[in-house]
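Structure first, then comments.
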Amino acid sequence: MLTQSEFDYLLERLGGFFVQTDARMVLGGLPRALGDQIAYYTYPGQYARAILEVCIANRWNDNPSWLSQVIILLPDEPETRAIRDRISKPPNLPDPSVAQVLVTGTPFLDRTGLRQRIRNLGQTPPARPILVVSGETKSGKSYSAEYIDHLAISGQPFVPFRVKFPRGSGRTYSPVGLARDILVNMGLAPDRLPVGFFENTTNNERFPYDLAGKVLAEGQQLGKRFWIVLDSFKGEEMQKETGKFIDGLAQRIIESAPLWQSFRLILIDFERSLLSIQPNRVDIDQIPVCGRSDVLDCVAEIFHRTGVPKSDEELEAVVARIMKDLPPAPNSLGELHQRLMDLLLETNPHG
Amino acid sequence: MVKTSTRSLLESLDARIAERAARRSIDISRERWAFRLAAAVLTSFNYAALRPVVDGDERLMDANPMVLLPDLIEAPGGREAGLYMLRTDIRRQALESLGGRARMLRALEANPKRSQDGFQKMFEAWQRGDAPSLKSQNYTELTWTAQIGSWLEGLLPDIPPLTEINRVLNRRSVYALFEHLATSTFTGRESELALLREHVGVLEPSARTDAVVRQLRSWLGITRKAPLVIEGIGGVGKSALLARFLTEHMHQEAAQQFPFAYLAFDSPTLKAEEPFTLIAEIFRQLRLLYPEPTPLFEDFNRAFEEYRNRRGALDERSNVKGGRRVRSAQLHDTEFGLYDHFAYLVNKLSERHGPDGVQFVPFLLVLDTFEEASFGGAERLIGFFEWLGALHKQCPRLRIVISMRPPALVKLPSALGKPADLHLSDLEPAAGALLLERLGVADAEVAKTIVRQIGGNPLNLTLAGRLLQKETAGSQGFDDLKTSSWFFFSVSDEVIRGQLYSRLLNHIHDKDVRRLAHPGMVLRRVTPEIILEVLSGPCGVSVKDISRADELFRALAKEHTLVQLAPGDRELSYRPDIRQPTLRLLQQERPQEVRAIHEAAVAYYGRRGKTSDKIELLYHLLAKDSEAWELDDHWQKAAVSLAPALDELPARAQAWLAAKLGRPLSEEMRLRATLEDWERSVASMARFALQHLEAERALSLMSERSDRSAASPLFALEAKAHVLMEDYSRAEEILGRGIDSISAGANRGRLAELLWLLAQVLETQERVLEADEILSRAERVTDGIADPLSRLQVLTQRLLLRRNISKELSDPAGPIRERLALVCSGLSDATMDRERTLVRTAIMLLGASYTAPFVAGLRVVGCGEVTAGQRETLAGDLFEWLERNPSETSSFQARVAELQEGQVDLESVLPSLLEARSAWPVLLPALETILEAQSHSLEAANLAGLDAYREAWEFELTAEAA
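Protein chains in written order, with our numbering: chain A, 1 to 351; chain B, 1 to 962.
Okay, here's the thing in structure tokens:
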């Protein structure tokens, strides 16, 4: 229902709102069935997370959706408004897997290879339950996570979540830290797990693998299908043990049928050689260079959505403007993405 | 309203782009800066509670911390607690603007209630200037320092350069693998350490000024040596000795250090049967020990990538021309190619270039817990010893130390030379007493007495130290402890350990909990329901209802030294290091209670349906030595997780389980094994031998018995061995016998496999007509197999036969092609994805005229390797077509242009090209031509799609490697 970035944005805003307003008072004004599912918490952030998760689980089952009713409490900012407008009705796309513009309004250029690989990833049993997405710096690897969010929002039966490596500040990101973040994303409370859950009672070589197994076992009991997206975990800065923990996740998912039924692992910008599993159990998507034809496809789809198609000459003119004076690589894709967003807003300012 | 005028749309776009550029240069507010300064000196924080640095401007006190939100990222591991940190670039800016130590410390004062975890304390220590030296920091502290260093580098004078911190950290991370084993309680072992030093050729660490010179002198003329094998029972301190030896050289001068790698075979990533996993780990450690990138490492990295790609390709089904022998030989060459590169790396790393020319230093390879690797039998280690032998031969400065528990299940090959042995026995009495003193036993006399009583096993002494915290020892040591001195036969260290644990258990305060633990330790897992339904009777504990069981469960869960809670708080298990020795003692002393618990557990788990319950049911059936037919009824693949429990079982049960797991059978197990169990065990070993081209060895293993079960896996393996030896008539004879035997049964998978192999043998002898007849029979057999891939492969091979020969075969190609098209049309994407090369071969044979399966297949499996010339030709054909058909979308045109210019490869744009249906008349034949030009062969392939008929041991090797 929400992309990871939208979720994070609302979490911050709602958390800030509850700093100033008693969350329990607010719950009184929301649907009772929603309030009944929220436990008592100490911190505003915990309330914010719990409310968002309950709302997302309820999807569009009520009209207006619970999430819409919560968002309306927040200050009227452009970002909040954009989310509110987008989720005002359930998405209705013919085939979400081929969309060039995602349900979140984000342009998603070409990537036919990735689309096919993600389709394969969704199969049961999957030949390769692990996917590594590689490419040049700022080539758009992280947008893969947006596409996965898009599929889930469009009704695919899995729950995706992304954990992003904090580049420049990630040296202390240990296996335990990552395990905790994954558990929270699956809706579990790490502090309520048994004492000793995160304790290293073995050697540093084995511990990350044992921990990975425990984390997946916890998640599997929830009976959902999780797609774990780990973004940018690589390089000198990443702890070696954290790399082993990720390898452990991959290993366990491949080796155990109950686990590959419950999990997929998508590693964006990850060094493939850190995986000790058989090479043919991992699918690799090497992001191709984003070319002019990709921009043309996306622009054509944007106009197609408006119901006022343009001639080839007009399309060429718009593409020429969008691609004019782009900053040099590696920053060009970010700016290109922004300009396509500009075009989306200009052609369809209300939605 | 939608803008319909392109001109006005372009103007609006211009305005938006300009506005965004302008927004980036807007100054941020004073409030935001005040929060940035406060956040910059904190590792992480809850932003709602953050106080700003006001610098005298009290109005800022009321500022809302929400202004800082755009500058924040989630703190690693802090999602649950809502912890954030400042974005790295902004933190650097803020720290820079603070300008120095004094203002940083003042900024800290803004948040007196800040977190005081280890990371924050270390950050503050560096800000104050009193952080411990890098040398004295442990691995975790160095990790914090590395992060802090990246934030503060160049801002404070005493922050070491980041490269220096990383160098120390990386090196330390290798030692972190084992340094916790060399604890402060390590005592004695002086002679053993001296032997290790002598083997490696290093001197005892010394502060003497001439230490470096002496060390370098000792390395002159360093020559090849056979491995040193350290052998000792569990708990005697083998790993601790190695850890001590390696860590004592940790802080030596660079000139005295030597390259090393430490492999512990209990690691889940190290597979001795796949030496590349060992090489990958050694290379990882070496890169950490020598962090500066060098051409040497880069070259090896490239060679390793190349190896991975070749291995991946060899594991594909349809690729190798020339039959099984060729595939095995290619696999062998690929492995040895990697070994050569690795030996070169080892030799180069043991060279030192100085003013006096090249000097040589030893390269130490430590193989710890080697018994874990040898459990699987000698055949599983053929590849490992080939690698070690190649390394030993090519690297004269290599020093190998192997540490293992007895008995030695596998003999080291003679190519490694005659190994030196170091038998690690108990600690000397003085060292044992010293260990007890370090564990807190204040009375030296008591310590000596205990050592006399229980011996010098370090693990037992550690337990005794714990026991002495709970009870006192008399002049004869512990009362009522059965030891070697009181019996005419010797009592093993393990039994003494069991007794020590039992006594520790006796200190559990609640008597009911004590009874549940002992003999309840027979169970592998405990829940309140199990206490109620299984344990209460045999343990003699009155448990009226589930709420009492729940109370006892919670009380038992508090015994942390004894049990560990499984994730989820719903069940607990006994710590393995306690359970195993205690279990042996229980089986000897209280056999009736043990059996009663097994019986009750079988009844309990028999009523349950979850996989984990079924595995426990099987465990207890095995433990009570049930009949093979009963065990067979309860076998399932997930039960491979019972492997670590093998030693706990009676001999007959061990034989049954070992066979299921593909483990070798001991003499005792063999005597009790059924024919099927023996076949499973031997088949697993023979497969490893065949993988390494040791056909005679495989045949020798299989000839131990001549009888065969009806659907024996040995028929196929014996035939493959004879094919490798090019004895086709013998292979044919065995396959014929196997086909006759299996035809009477119901195992279609095994029958199809034998027919497939027979067809391969006949084709190798150019008896194509007969081969096709056999394939025709295989086609009928595979018709009844649920997985369509076996049928697909047989049909594909029938067409390949017709493609490769000129003479007419009895069945015409047309109907076969029709049947193949039908199978292809029914394949799901996932099924095609499992066998990309096979499906590619199949659709190549169908051709573009079978449009639907051809296109569907191409979309999933792609078109494989394409040359630049083929790509350009295809793009040229499409351009010509575009000239005749200008109405095709401009994006299709642009894509074709990119293809022609080589900006994209065909594989990545193929799915979108296939979207243009109108271009198919040109595109599909061109793709067909590309596919036809590729190599397609199933000469060396096994039959796909038989997983449902395979047993657990058959999945240990990739299908094509076997």
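Beta carbons are placed, not taken as given, at the ideal position from N, Cα and C, and that holds for glycine.
For clarity, every value in this text was computed on a predicted model and none was experimentally measured.
Is residue i close to chain A, meaning its C-beta is less than 9 Å from at least one C-beta of that chain?
| i | result |
| --- | --- |
| G77 (chain B) | yes |
| S492 (chain B) | no |
| A894 (chain B) | yes |
| R138 (chain B) | Just to set this straight, residue 138 (chain B) is Asn in the shown sequence, not Arg. No - not a single Cβ of chain A is within 9 Å of the one on N138 (chain B). |
| F260 (chain B) | no |
| D833 (chain B) | yes |
| G520 (chain B) | no |
| F553 (chain B) | no |
What did DSSP end up calling residue i once you bin it into helix, strand or coil?
| i | result |
| --- | --- |
| L364 (chain B) | strand |
| S5 (chain A) | helix |
| E559 (chain B) | coil |
| Q286 (chain A) | strand |
| Q330 (chain B) | helix |
| E351 (chain B) | strand |
| W486 (chain B) | Low per-residue confidence applies at W486 (chain B): pLDDT is 43, beneath 50, and the placement is therefore not dependable, though the value from the model is reported in the following sentence. W486 (chain B): helix per DSSP, three-state reduction. |
| D727 (chain B) | coil |
Look at residue i and residue j and say whether their C-beta atoms are less than 9 Å apart.
| i | j | result |
| --- | --- | --- |
| P259 (chain B) | S350 (chain B) | yes |
| I73 (chain B) | R87 (chain B) | yes |
| V839 (chain B) | C863 (chain B) | no |
| A830 (chain B) | Q221 (chain A) | no |
| Q394 (chain B) | A343 (chain B) | yes |
| R798 (chain B) | E779 (chain B) | yes |
| Y47 (chain A) | L74 (chain A) | no |
| P429 (chain B) | G237 (chain B) | no |
Below 8 Å, is the gap between the Cβ of residue i and the nearest heavy atom of the ligand SAH?
| i | result |
| --- | --- |
| N63 (chain A) | Among the components of this structure there are no ligands whatsoever, and the ligand SAH is therefore not found. |
Note down the Cα distance separating residue i from residue j, rounded to an integer number of angstroms.
| i | j | result |
| --- | --- | --- |
| E386 (chain B) | S328 (chain B) | 15 Å |
| G474 (chain B) | V441 (chain B) | 14 Å |
| D294 (chain A) | V319 (chain A) | 10 Å |
| I87 (chain A) | M1 (chain A) | 7 Å |
| L398 (chain A) | L572 (chain B) | No statement about residue 398 (chain A) is possible, as the shown extent of chain A runs from 1 to 351 and does not include it. |
| I118 (chain A) | S139 (chain A) | 18 Å |
| L701 (chain B) | R189 (chain B) | 42 Å |
| G424 (chain A) | L899 (chain B) | Nothing can be reported for residue 424 (chain A): it is not among the residues displayed for chain A, which extend from 1 to 351. |
| R49 (chain A) | L11 (chain A) | 6 Å |
| Y175 (chain B) | K135 (chain B) | 13 Å |
| D707 (chain B) | L714 (chain B) | 10 Å |
| A842 (chain B) | Q870 (chain B) | 21 Å |
| V54 (chain A) | R81 (chain A) | 21 Å |
| A23 (chain A) | P44 (chain A) | 7 Å |
| I454 (chain B) | I284 (chain A) | 57 Å |
Suppose the cutoff is 7 Å on Cβ atoms and the five residues either side in sequence are ignored; what does the same chain contact list for residue i look like?
| i | result |
| --- | --- |
| E494 (chain B) | P581, R584 |
| I508 (chain B) | R514, A517, E559 |
| E204 (chain B) | R197 |
Taking 8 Å as the limit between beta carbons, can you name the residues of its chain near residue i, skipping five residues before and five after?
| i | result |
| --- | --- |
| A600 (chain B) | E533, V534, L535, G537, P538 |
| P327 (chain A) | E335 |
| F108 (chain A) | A99, Q100, V101, L102, Y143, E146, Y147, H150, C298 |
| L10 (chain B) | none |
Just to confirm my understanding: we take residue i, look at its own chain, exclude 5 residues before and 5 after, and list those with CB closer than 6 Å. What are they?
| i | result |
| --- | --- |
| R171 (chain A) | E237 |
| V163 (chain A) | D181, L230 |
| L789 (chain B) | E835, A944, G945 |
Can you find a CB in chain B that lies within less than 9 Å of the CB of residue i?
| i | result |
| --- | --- |
| L30 (chain A) | no |
| A99 (chain A) | no |
| K224 (chain A) | no |
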